[in-house]
Amino acid sequence: MARFPRSAIPRLLYTFFSSKTRRFYPSPTAALLLGNFEVRQFSAGNVARAKDAKEPWWKESMERLRNIGISAHIDSGKTTLTERILYYTGRIHEIHEVRGKDGVGAKMDSMDLEREKGITIQSAATYCTWKDYQINIIDTPGHVDFTIEVERALRVLDGAILVLCSVGGVQSQSITVDRQMRRYEVPRLAFINKLDRMGADPWKVLNQSLFHFFDFLQSYSNYFREKVVAEEIPADMDVIVAEKRRELIEMVSEVDDKLAEAFLNDDPISSVDLEEAVCRATIARKFVPVFMGSAFKNKGVQPLLDGVLSYLPCPIEVSNYALDQTKNEEKVMLPGTPDGSLVALAFKLEEGRFGQLTYLRVYEGVIRKGDFIVNINTGKKIKVPRLVRMHSDEMEDIQEAHAGQIVAVFGVDCASGDTFTNGSVKYTMTSMSVPEPVMSLAVQPVSKDSGGQFSKALNRFQREDPTFRVGLDAESGQTIISGMGELHLDIYVERIRREYKVDAIVGKPRVNFRETITQHAEFDYLHKKQSGGQGQYGRVCGYVEPLPPGSPIKFEFENMIVGQAVPSNFIPAIEKGFKEAANSGSLIGHPVENIRIVLTDGASHAVDSSELAFKLAAIYAFRQCYSAARPVILEPIMLVELKVPTEFQGTVAGDINKRKGVIVGNDQDGDDSIITANVPLNNMFGYSTMLRSMTQGKGEFTMEYKEHSPVSQDVQMQLVSTHKADKAE
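Taking full-length UniProt numbering, the leading residue of the sequence shown gets 1, the next gets one more, and so forth.
Put into structure tokens, the structure is as follows:
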């Protein structure tokens, strides 16, 4: 496999910042050993050079292609870094800041709300060229409320850059993003940003839990003037460079057999040997090279781009799998070449000026404008009317795209996660992980005349965002929107107002509680109704029990009936009845999860039995046994990370305890205390204002969903009483 040619970079440099001299010095590329040693496989058959004189037409093009994402904790400088990458690659000709005084804003923050708030709300795609390599980039949000944007980006990318703040260190969302990268087996680089800031400490970042070590590849200094200039290292740095380089070799040797052999034999190890070993270990996900710099001050960006070319994989170095629907979803490895049948995944939807814009990752084959493609999930055959490449909110029309590329199509009706082929194969790609919403709001348009636009907005946002849900309150008839947090829902309410000119009345935020059972309980219910003509008859017997802790599924139904006590054609109706009943528990009317229902016996009538009868029997059987299974209410628990001046530590910790939070960590970071706690979401409303009041405006916090956990007995009694009172009104 051809890598970024060594001849093109005789001085491949990665920089670190000296707080003593305030200069960037030779490169700590940090090949950092991670805890997860699963190997992402190479597609060796595809990447081997052709033996004959003529190589496939697509080989060089795919070897010179990188698909990467840039992810980080909020305010780590991720969008600023993307802006510099676009500038230094010539994709844009002026630099604009995220919160710049000129009011233009960064290129990738194309939405007005993003520019006003200074945060990324939607992932945005672009592409650029660096030293004859094409790099497709997806810039993702850093706020935990928009984590689905990170999920679907990482699902279709071959590599990633994890941006870390040299002041804030490894923060909660940094760990979440790293976990997402592991889930999708994405090789990554790390970039420790903001080294120009007071309090910057890259060594602290490297010593925190995410990574364990760093080091040097080559012995040069980088000076970032008008252009990057490589010079000899200052004499007083020679010793530390030699020491760190040896430590790097030792570290890489632990995860690369070829380098280990040379190291153990005391063979000389060149910079090229070391770079190739780092490349192998990075693609195998045993190693994370770390770069340092300051995107805002235009430092360290070019070496990072060199690292993307040298260490992250091209599409044919990664194995991707599809599920063959003709063979009971048998797992099939896709060669990943343009020669095969078309296989493409729709991973993101947007409502554009010309209709629905569908983002596609092409995994196999070629897609052309005017082609007919088949949506395997729906069976529909669709013509591709327009094919484009995206540059934030701008688009460039193209005629075709081959395997490995990320493009968008107009006028294709589909859902996020649908798979398209040319019809010769019936493959589907595996879906992404979609977290459950944790918060809800009641909303309704101020004017009844706005109902049509209001419904149109909600339907659109549901299609675009799998974590945004819309439902109706069964009792009040109000529209309920659910999402990942206050900011998530506030953004959608504001978008309804701006984009659809609909003002909405918003109710008090509601927590998405859940219910579950704690013990085994049996049911035996006969549904019998006779009112002239054909009646209704259905009997179901069995038991319910809690699923094991940590079970990946929330609801399980099992038919253990022996014989034909209940005809097999009625079993799906029984399962449907139990599922419908589990949507609303009897305690507070919230969904019941972590429950297993086993059907052991039943009875039917030759004339009066029907699907409806058995469905109703299942619903009433569930309600009959539910109280005997000792149900409890589950509430969402948030992992809260606070950074407050040490002088306010006691006050803040006391307030966390009042909110029934459990403090799980308390560390010092200079003059600040870093408090980590698990706190019920129901007790976190309005916390931003309270924290500012307690810390004279100096405290800050982030929180993300951790788990649903049982509430205390007194809280459960209070919630049940409130629910009954609301029903009585």
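In this text, a Cβ means the ideal position worked out from N, Cα and C, and glycines have one as well.
With DSSP as the reference, label E275 as helix, strand or coil.
-> One-based indexing of the sequence shown puts residue 275 at position 275. DSSP places E275 in helix when its eight states are reduced to three.
I367 versus T518, P338, L312 and V662, residue with shortest Cα-Cα distance = Indexing the sequence shown from 1 puts residue 367 at position 367. Nearest of T518, P338, L312 and V662 to I367, Cα basis: P338.
So is G293 buried or exposed if we call it buried at 16+ other beta carbons inside 10 Å?
-> For the purposes of this step, residue 293 is taken as residue 293 along the sequence shown, with counting starting at 1. The residue is buried, with at least 16 neighbouring Cβ atoms inside 10 Å.
Endpoints, the beta strand (DSSP E) within which V177 is located = Against the sequence shown, residue 177 aligns to sequence position 177. Where V177 is concerned, there is no enclosing beta strand (DSSP E), although the alpha helix (DSSP H) it sits in stretches over S172 to R183.
On a CA-only basis, which of T358, D418, L357 and L349 is nearest K380? Give me that one, please.
-> Translated into the one-based positions of the sequence shown, residue 380 becomes position 380. Selected option, being the one with the closest Cα: D418.
When the Cα atoms are used, what is the spatial distance from I480 to A504?
-> Here residue 480 corresponds to residue number 480 of the sequence shown, with the count starting at 1. Here residue 504 corresponds to residue number 504 of the sequence shown, with the count starting at 1. Approximately 12 Å between the Cα atoms of the pair.
The stretch 341-348 contacting the stretch 411-430, beta-carbon criterion three pairs below 8 Å = A contact exists between the stretch 341-348 and the stretch 411-430.
K528 lies in the alpha helix (DSSP H); which residues open and close that run?
-> Counting from 1 along the sequence shown, the entry for residue 528 is found at position 528. K528 -> not in any alpha helix (DSSP H); beta strand (DSSP E) instead, spanning A521 to K529.
Among the residues of its own chain, which have a CB less than 6 Å from the CB of D473, if the five just before and after it don't count?
-> Reading the sequence shown from its first residue, position 473 is the one you call residue 473. Within the same chain, D473 has close Cβ partners I480.
Selection from M390, M251, E593 and K258 that minimises the alpha carbon distance to residue 805 = Only positions 1 to 729 of the chain appear in the structure, and residue 805 is not among them; the question remains open.
Go through its chain and collect everything with a Cβ distance to R630's Cβ below 6 Å, but skip five positions before and after it.
-> Along the sequence shown, one-based indexing puts residue 630 at 630. T518 and Q519, listed in sequence order.
Report the three-state DSSP secondary structure of D562 (helix, strand or coil).
-> The sequence position of residue 562 within the sequence shown is 562, counting from 1. It is worth fixing the name first, because residue 562 is Val in this sequence and not Asp. DSSP places V562 in the coil class of the three-state scheme, outside both helix and strand.
Measuring CB to CB, does E611 end up less than 8 Å from A573?
-> Numbered from 1 along the sequence shown, position 611 holds the residue referred to as residue 611. Numbered from 1 along the sequence shown, position 573 holds the residue referred to as residue 573. Yes. Within cutoff.
Does the beta-carbon distance from G159 to R66 come in below 8 Å?
-> Within the sequence shown, the letter at position 159 stands for residue 159. Within the sequence shown, the letter at position 66 stands for residue 66. The answer is yes: Cβ separation under 8 Å.
Taking only the alpha-carbon atoms, compute the straight-line gap between T600 and E593 and give it to the nearest angstrom.
-> The residue you call residue 600 lines up with position 600 of the sequence shown. The residue you call residue 593 lines up with position 593 of the sequence shown. Their backbone Cα atoms lie some 21 Å apart in a straight line.
Hey, could you find the ends of the alpha helix (DSSP H) N459 is sitting in?
-> Numbered from 1 along the sequence shown, position 459 holds the residue referred to as residue 459. For N459, the enclosing alpha helix (DSSP H) begins and ends at G451 to E464.
Run of the alpha helix (DSSP H) containing residue 730, from where it starts to where it stops = A question about residue 730 goes unanswered here, because the residues of the chain that appear run from 1 up to 729.
Mind checking whether Y543 and F523 have CB atoms under 8 Å apart?
-> The sequence position of residue 543 within the sequence shown is 543, counting from 1. The sequence position of residue 523 within the sequence shown is 523, counting from 1. Yes, Cβ-Cβ distance for Y543 and F523 is below 8 Å.
Who are T428's beta bridge partners in DSSP?
-> Residue mapping note: residue 428 aligns to position 428 of the sequence shown, counting from 1. DSSP output for T428 lists L323 as bridge partner(s).
In terms of residue numbering, what span does the alpha helix (DSSP H) encompassing E499 cover?
-> Locating residue 499 in the sequence shown gives position 499, where the first residue counts as 1. Note, E499: alpha helix (DSSP H), E486 to Y500.
Compare the beta carbon distance of H527 and Y626 with 8 Å and say whether it is the shorter of the two.
-> The residue labelled residue 527 in the question sits at position 527 within the sequence shown. The residue labelled residue 626 in the question sits at position 626 within the sequence shown. No, they are not a contact pair.
Could you have a look at P338 and say whether DSSP puts it in helix, strand or coil?
-> As a first step, residue 338 is located in the sequence shown; it is residue number 338 there, counting from the start. Note: P338 maps to coil in three-state DSSP.
Decide if M717 is buried, meaning its Cβ has at least 16 other Cβ atoms within 10 Å, or exposed.
-> Within the sequence shown, numbered from 1, the residue matching residue 717 stands at position 717. Exposed, because fewer than 16 other Cβ atoms sit within 10 Å of the Cβ of M717.
Tell me which same chain residues have a C-beta within less than 7 Å of the C-beta of D201, skipping the five on either side of it?
-> As a first step, residue 201 is located in the sequence shown; it is residue number 201 there, counting from the start. Taken in chain order, the residues that qualify are S166.
Secondary structure of L264, DSSP reduced to three states = Counted from its first residue, the sequence shown places residue 264 at position 264. Note: L264 maps to helix in three-state DSSP.
Who are the near neighbours of S709 in its chain, counting only those whose CB is closer than 7 Å to its CB and skipping five residues on each side?
-> Within the sequence shown, numbered from 1, the residue matching residue 709 stands at position 709. Excluding residues within five positions, the ones whose Cβ falls inside 7 Å are L634, E635 and I637.
Check whether the stretch 300-313 touches the stretch 74-88, counting contact only when three or more Cβ pairs, one atom from each stretch, lie closer than 8 Å.
-> yes
For the alpha helix (DSSP H) holding S203, just list the boundary residues, first then last.
-> Numbered from its first residue, the sequence shown carries residue 203 at position 203. In the sequence under discussion, the amino acid at residue 203 is Trp, which differs from the Ser named in the question. In the DSSP assignment, W203 falls within the unbroken alpha helix (DSSP H) covering P202 to N207.
Report yes if the C-beta distance between V144 and T676 is below 8 Å; otherwise report no.
-> Taking the first residue of the sequence shown as 1, we reach residue 144 at position 144. Taking the first residue of the sequence shown as 1, we reach residue 676 at position 676. No, they are not a contact pair.
C-alpha distance - T689 paired with A617, whole-angstrom precision | Within the sequence shown, numbered from 1, the residue matching residue 689 stands at position 689. Within the sequence shown, numbered from 1, the residue matching residue 617 stands at position 617. Rounded to the nearest angstrom, the two C-alpha atoms are 50 Å apart.
Secondary structure of H96, DSSP reduced to three states = One-based indexing of the sequence shown puts residue 96 at position 96. Three-state DSSP puts H96 in coil, outside helix and strand.
Reference L164, options K244, E232, E317 and P289, closest by Cα = Numbered from 1 along the sequence shown, position 164 holds the residue referred to as residue 164. When only C-alpha atoms are compared, the closest one is P289.
Which residue from E704, A322 and I233 puts its Cα closest to that of Q171?
-> If you number the sequence shown from 1, residue 171 lands on position 171. Nearest option by C-alpha distance: E704.
Please state if the CB of M439 and the CB of G485 are separated by a distance shorter than 8 Å.
-> The residue labelled residue 485 in the question sits at position 485 within the sequence shown. The residue labelled residue 439 in the question sits at position 439 within the sequence shown. For G485 and M439, yes; Cβs fall inside 8 Å.
Between K724 and A153, what straight-line distance do the alpha-carbon atoms span, to the nearest angstrom?
-> Taking the first residue of the sequence shown as 1, we reach residue 724 at position 724. Taking the first residue of the sequence shown as 1, we reach residue 153 at position 153. Using only the alpha carbons, I get a separation of about 43 Å.
May I ask you to verify whether the stretch 492-501 touches the stretch 454-471, counting CB pairs closer than 8 Å and requiring at least 3?
-> yes
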